[in-house]
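Enquirer: There's a structure below that I have some questions on.
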Amino acid sequence: MVSGNSNQIFIFWMLLLLAIGASLVRGHKGTRVGFYSTTCPQAESIVSSTIQCHFNSDHTVAAGLLRTHFHDCFMRGCDASVLIEAAKTQLEAVCPGVVSCADILALAAHDSVVLVNGSSWAVPTGRRDGRVSLVTDADNLPAFTDSIDVQKQKFSALGLNTQDLVALVGNLTLFSLTKAGKVL
86 MVSGNSNQIF IFWMLLLLAI GASLVRGHKG TRVGFYSTTC PQAESIVSST IQCHFNSDHT
146 VAAGLLRTHF HDCFMRGCDA SVLIEAAKTQ LEAVCPGVVS CADILALAAH DSVVLVNGSS
206 WAVPTGRRDG RVSLVTDADN LPAFTDSIDV QKQKFSALGL NTQDLVALVG NLTLFSLTKA
266 GKVL
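This note's numbering puts the sequence shown at residues 86 to 269.
See below:
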């Protein structure tokens, strides 16, 4: 069960994430809600049921997926540097070669928020997977040891502001609390 205070923090973070998402997705022209409605109409429900199944056995998956989506978007702009294997396997059986890993990750992050009683929103889909995955890209991720000035510089380099920094770095608190078994 999610405590009221933690739920408020989580919902605040997600609302800000939605605003930030619009700026991070700018480079992904062609994303829209319902992108797979004709090519793979079951895409969103397959991802949702997969996330629900994993969430039922481990509630910390919600925070982990949000953090993964944040890292993916921060490094190369939401292009799926991380593969969500179980959902991808099911989607490939139904719609081979249609649904991107980047969209699976975005849908999984959404479903994680909903599963912990957070807000729901329409997820624009149509991202394309990146073709480059370099470990050195992680060097640009904000670290908990970075000063505020360094974190501001890293966010500014992506066109993000201090409010965006507070919202996204705030996810670390949720992630830490769920890993410690204090929230969920």
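In this text, a Cβ means the ideal position worked out from N, Cα and C, and glycines have one as well.
Can you list, in chain order, the residues of its chain whose CB lies under 6 Å from that of F229, leaving out five sequence neighbours each side?
Expert: On the sequence shown, position 144 is the one that residue 229 refers to. Short of 6 Å from the beta carbon of F229, and not among the five residues preceding or following it, lies no beta carbon of its own chain.
Enquirer: Is the CB-CB distance between I169 and V132 below 9 Å?
Expert: Counting from one through the sequence shown, the residue named residue 169 turns up at place 84. Counting from one through the sequence shown, the residue named residue 132 turns up at place 47. Yes, the Cβ-Cβ distance between I169 and V132 is below 9 Å.
Enquirer: Would you check if the distance between the CB atom of D188 and the CB atom of F140 is smaller than 9 Å?
Expert: Translated into the one-based positions of the sequence shown, residue 188 becomes position 103. Translated into the one-based positions of the sequence shown, residue 140 becomes position 55. No.
Enquirer: I need the boundaries of the alpha helix (DSSP H) containing H70, first residue and last residue.
Expert: For residue 70 there is no data in the structure shown, the boundaries of the chain being 86 and 269.
Enquirer: Checking 9 Å against the spacing of the C-beta atoms, do P181 and R117 come in under that value?
Expert: One-based indexing of the sequence shown puts residue 181 at position 96. One-based indexing of the sequence shown puts residue 117 at position 32. The answer is no: Cβ separation not under 9 Å.
Enquirer: Sort T124, A242 and V201 by Cα distance to L226 and report the nearest one.
Expert: Position 141 of the sequence shown, counted from the first residue, corresponds to residue 226. When only C-alpha atoms are compared, the closest one is A242.
Enquirer: For A247 and T135, what's the separation of their Cα atoms in angstroms?
Expert: The sequence position of residue 247 within the sequence shown is 162, counting from 1. The sequence position of residue 135 within the sequence shown is 50, counting from 1. The sequence as given places Thr at residue 247; Ala does not occur at that position. Taking the straight line joining both Cα atoms gives about 34 Å.
Enquirer: Checking the sheet assignment: what are the DSSP bridge partners for P209?
Expert: As a first step, residue 209 is located in the sequence shown; it is residue number 124 there, counting from the start. DSSP lists V118 as partners of P209.
Enquirer: Whose C-alpha, out of H156, S130, C125 and Q137, is nearest the C-alpha of S218?
Expert: Here residue 218 refers to the residue found at position 133 of the sequence shown. Considering only alpha carbons, the answer is H156.
Enquirer: Measure the alpha-carbon distance for S197 versus A171 and round it to whole angstroms.
Expert: Walking along the sequence shown from the start, residue 197 turns up at place 112. Walking along the sequence shown from the start, residue 171 turns up at place 86. About 15 Å.
Enquirer: Could you pull out every residue in the same chain whose Cβ sits closer than 7 Å to the Cβ of V179, ignoring the five residues on either side in sequence?
Expert: Here residue 179 is taken as the residue at index 94 of the sequence shown, counted from 1. Within the same chain, V179 has close Cβ partners C125, Q127 and I131.
Enquirer: Buried or exposed, going by whether 16 or more other CB atoms sit within 10 Å of the CB of C138?
Expert: As a working note, residue 138 is residue 53 in the sequence shown. So C138 ends up on the exposed side.
Enquirer: Residues in the same chain with beta-carbon distance under 6 Å from R111, minus the five sequence neighbours each way, listed in chain order, please.
Expert: Working through the sequence shown from its first residue, we reach residue 111 at position 26. Legend: pLDDT at R111 = 42, less than 50; position of this residue unreliable, value from coordinates given subsequently. Counting only Cβ-Cβ distances below 6 Å, and skipping sequence neighbours, we find nothing.
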